[in-house]
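Number of protein chains: 2
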Amino acid sequence: MAPPEVTLQSIQAARERIAGRVRRTPVLESETLNTLAGGRLYFKCENFQEGGAFKARGAANALFSLSQEALRAGVVTHSSGNHGAAVARAARLRGVRARIVMPENSSAAKFEAVRSFGGEVFMCAPTLAAREAMAEQFIRDTGAVFIHPYDDPRVIAGQGTIALELLEEVPELSWLMVPVGGGGLASGVSTAAKTLRPSIHMVGVEPAGADDAYRSFTSGKLTGNAHPETVADGLRGALSMRTFGLIREHVDEVVTVSETAIVRAMRTLWQHLKIIIEPSSAVPYAAVLENLVDVRDQRVGIILTGGNVDLDALPW
Amino acid sequence: MAPPEVTLQSIQAARERIAGRVRRTPVLESETLNTLAGGRLYFKCENFQEGGAFKARGAANALFSLSQEALRAGVVTHSSGNHGAAVARAARLRGVRARIVMPENSSAAKFEAVRSFGGEVFMCAPTLAAREAMAEQFIRDTGAVFIHPYDDPRVIAGQGTIALELLEEVPELSWLMVPVGGGGLASGVSTAAKTLRPSIHMVGVEPAGADDAYRSFTSGKLTGNAHPETVADGLRGALSMRTFGLIREHVDEVVTVSETAIVRAMRTLWQHLKIIIEPSSAVPYAAVLENLVDVRDQRVGIILTGGNVDLDALPW
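Printed below as a string of structure tokens:
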């Protein structure tokens with residue numbers, strides 16, 4: 001059976017499925033940031049999400065979409081970031097095993113996060129090939145289900161639930177800005193937002209050092225990130241055919257920002273919103289701060305994707 | 001005319017007076033922090049208050065309690081911290097001049113905060129005597145009204161409004177913990193909370209390096225802080241007769257915490273709540289983290305007083 005496509009309906013179903021299993025996160029505003037921007041900025045705070053990142057949504061939707069029978073050998077994924085912890089958490093809620101393959105050079109905090117949710121950590125060499133090989137072996141040997149971090153319609157639909165909440169809370173949004181890494185968030189959110197509000201201006205923002213979405217979007221041909229280099233470690237992944245297709249359909253504009261702009265934006269948001277966000281979260285606001293987009297008189301939703309930061313290694 | 005005493009009624013009146021002029025701040029919880037503590041902790045986030053600190057409440061109540069006639073020469077205060085910016089902000093809302101006397105060694109961010117609200121900064125030598133002398137001269141020369149940071153019933157009543165909001169949102173609170181500096185917050189909050197809920201357990205927490213409230217509370221005699229030394233720069237002040245009296249009447253327990261505990265608590269709150277708080281805000285939670293109080297099975301309100309931190313000089 002082919003997995004269902006991502007639609008407003010599948011996102012609405014995801015929302016019901018994950019209700020009570022993830023948080024409805026708050027939306028923050030700051031007078032100072034509004035004045036600086038010349039428009040109204042509404043920050044959707046997924047840094048307050050369970051596990052500290054929006055990934056909780058997609059993982060919960062994936063795990064609760066699957067039958068107990070399908071899940072009898074548990075789930076497996078590979079991740080150096082927030083997705084691993086999110087899958088471990090969703091698996092614990094679902095009462096099944098989670099094997100998380102992690103590069104041996106992941107930070108202590110990331111290992112700790114996966115383990116704190118009862119996930120079983122398996123270390124591998126720090127290459128994509130090694131991660132995929134080890135995950136595939138688990139799938140073959142145990143029959144565990146693979147939960148991809150973004151190339152999965154259930155995961156994408158879960159991330160799309162953010163747009164439903166945000167548009168409910170701020171119905172008058174005229175713009176919506178999201179960071180783009182592998183494109184799961186951008187796909188889900190843009191599908192929901194554009195279906196509900198065809199006139200909304202959807203903007204994806206990417207670090208210039210990992211600009212595959214920009215190049216793919218501009219050329220019309222899917223291209224990868226050969227050597228991603230950015231402080232926004234959640235955005236080093238590259239689009240898949242599926243996320244590229246959804247983004248082409250629903251996103252109006254893809255913008256890239258410099259490393260300096262990302263760090264400056266992160267610091268500005270810490271200072272004025274008084275919240276902790278990770279570098280990837282600061283990427284859309286970086287485009288506003290650098291005047292790469294004109295948001296004057298717009299009502300702009302900005303998704304802050306996560307707040308998992310090493311407090312001993314801040315980028316300024 | 002003697003200023004009115006602080007009562008539940010004056011605090012309720014303050015709430016109406018400042019409504020729309022300060023924020024109703026959110027209350028945050030964290031599963032991890034609850035598990036660590038063995039009780040339920042409700043964090044009242046005054047770091048999200050206008051100007052980044054609870055001081056906005058007392059200043060707004062003071063300014064809007066005074067007639068235009070009384071305010072014709074504006075207001076004056078001295079402050080190295082959040083009170084100066086709060087007075088500047090309230091004065092702007094009220095449409096009157098604010099002169100803020102500040103020690104010349106205050107941080108650039110503090111000067112900037114006062115100026116951003118239209119306050120006029122006057123620098124003085126970094127001693128209490130110099131601050132008081134300059135402020136007194138303005139009062140004498142101009143007829144401006146002095147707004148004391150805490151030894152003022154209107155300021156105390158303003159700070160007390162935090163307790164009204166918190167008890168409305170979490171009526172089942174059994175404990176309430178606040179940091180103690182000059183005692184304005186502790187006085188107002190404890191007056192409101194104990195009047196509404198006589199059974200609530202009120203705890204004041206102080207840095208061991210500025211423990212005048214602890215010594216005064218224990219000995220029954222008001223004593224000062226000769227040489228306050230603490231990272232919690234908002235808590236270096238000493239109780240006045242007025243705040244000491246209110247605290248003796250309404251607070252059940254005063255606890256002191258070490259500098260190490262304060263920094264550890266601050267970091268733990270940053271990490272798990274994903275919010276930015278200043279060291280003074282972490283002081284009550286430090287007592288929980290160090291097991292200096294037994295909050296097991298309690299429902300504990302904790303007031304996080306502010307979020308104005310120098311991001312280039314974190315204490316870890």
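Residue numbers (my numbering), protein chains in the order written: chain R, 1 to 316; chain L, 1 to 316. Positions of the beta carbon are idealized from the N, C-alpha and C atoms, including for glycine. Please read these numbers as outputs of a predicted model, since none were measured by experiment.
Counting contacts by CB-CB distance shorter than 9 Å, is LYS337 (chain L) in contact with chain R?
Outside the displayed range of chain L (1 to 316) lies residue 337 (chain L), so it cannot be described from this structure.
Short of 6 Å in beta carbon distance, which residues of its chain neighbour MET1 (chain R), apart from the five on each side in sequence? Order them along the chain.
Note that MET1 (chain R) scores a pLDDT of 46, beneath 50, so its modelled location is shaky; the value from the coordinates is reported in the next line. Around MET1 (chain R): no qualifying Cβ.
Evaluate the contact criterion for the segment 60-72 of chain L versus the segment 31-46 of chain L: three or more CB pairs, one atom per stretch, below 8 Å.
no
Check whether the Cβ of MET1 (chain L) lies closer than 9 Å to any Cβ atom in chain R.
Unreliable positioning characterises MET1 (chain L) in this predicted model, as indicated by a pLDDT of 46, which lies under 50. The coordinate reading is nonetheless provided below. By this cut-off, MET1 (chain L) is not an interface position.
Could you give the first and the last residue of the continuous beta strand (DSSP E) run that contains LEU41 (chain L)?
40-45
Which of the three DSSP states, helix, strand or coil, is assigned to PRO103 (chain R)?
strand
Residues of chain R with CB closer than 9 Å to the CB of GLY118 (chain L), please, in chain order.
Correct list: empty, because the minimum Cβ distance to chain R is about 14 Å.
Identify the contact partners of ASN47 (chain L) in chain R, using a Cβ-Cβ distance below 8 Å as the criterion.
LYS274
What does GLY52 (chain R) touch in chain L if you count any residue whose Cβ is under 7 Å from its own?
LYS274
Between PRO26 (chain R) and chain B, is any beta-carbon pair separated by less than 9 Å?
Structure shown: chain B not included; protein chains present are R and L.
Hey, quick one: how far does the beta strand (DSSP E) through HIS78 (chain R) stretch, first residue to last?
75-78
Any residues in the segment 297-310 of chain R with a beta carbon nearer than 7 Å to a beta carbon of chain L? Which ones, in chain order?
GLY307
Counted within 10 angstroms of its Cβ, other Cβ atoms place ASP311 (chain L) as buried (16 or more) or exposed:
One point to set straight first is that residue 311 (chain L) is Leu, not Asp, in the sequence displayed. LEU311 (chain L) should be labelled exposed.
7 Å CB neighbourhood of ALA208 (chain R) in its chain, flanking five on each side removed:
THR256, VAL257, SER258
Taking all protein chains shown into account, decide if GLN159 (chain R) is buried (16 or more other Cβ within 10 angstroms of its Cβ) or exposed.
buried
Can you give, in chain order, each stretch of the beta strand (DSSP E) that sits fully within the segment 214-261 of chain R and has at least 3 residues?
253-257
In this structure, does DSSP put ILE139 (chain R) in helix, strand or coil?
helix
Roughly how many angstroms separate the alpha carbons of ARG57 (chain L) and THR161 (chain L), rounded to a whole number?
8 Å
Is it a yes or a no for the segment 139-155 of chain R touching the segment 72-90 of chain R, going by three-plus beta-carbon pairs under 8 Å?
yes
The alpha helix (DSSP H) with VAL300 (chain L) in it runs from where to where?
Careful: VAL300 (chain L) lies outside any alpha helix (DSSP H), inside the beta strand (DSSP E) at 299-304.
Which value, in whole angstroms, describes the spacing of the CA atoms of GLU132 (chain R) and ARG299 (chain L)?
46 Å
For the segment 197-213 of chain R against the segment 222-241 of chain R, do three or more pairs of beta-carbon atoms, one drawn from each stretch, fall closer than 8 Å, so that the two count as touching?
yes
Name the two residues that bound the continuous beta strand (DSSP E) containing VAL114 (chain R).
Segment 108-116 is the alpha helix (DSSP H) holding VAL114 (chain R); no beta strand (DSSP E) there.
Validate contact between the segment 9-24 of chain L and the segment 278-298 of chain L using beta carbons, cut 8 Å, 3 pairs
no
Extent of the continuous beta strand (DSSP E) run through HIS83 (chain L)
Not the beta strand (DSSP E): HIS83 (chain L) falls in the alpha helix (DSSP H), residues 82-94.
Quick check on ARG267 (chain L) - is its C-beta less than 9 Å from some C-beta in chain R?
yes
For LEU167 (chain R), collect the residues of the same chain with a Cβ closer than 7 Å to its Cβ; drop the 5 residues on either side in sequence, then sort them by chain order.
LEU173, ALA193, LEU196, ARG197
Mind pulling the alpha helix (DSSP H) runs of 4 or more residues that sit fully within the segment 143-174 of chain R?
153-169
Answer yes or no: do LEU222 (chain R) and LEU28 (chain R) have a C-beta to C-beta separation smaller than 9 Å?
no
I'd like to confirm the pairing. Which residues does DSSP put opposite GLY204 (chain R) in its beta bridges?
R:VAL178, R:VAL254
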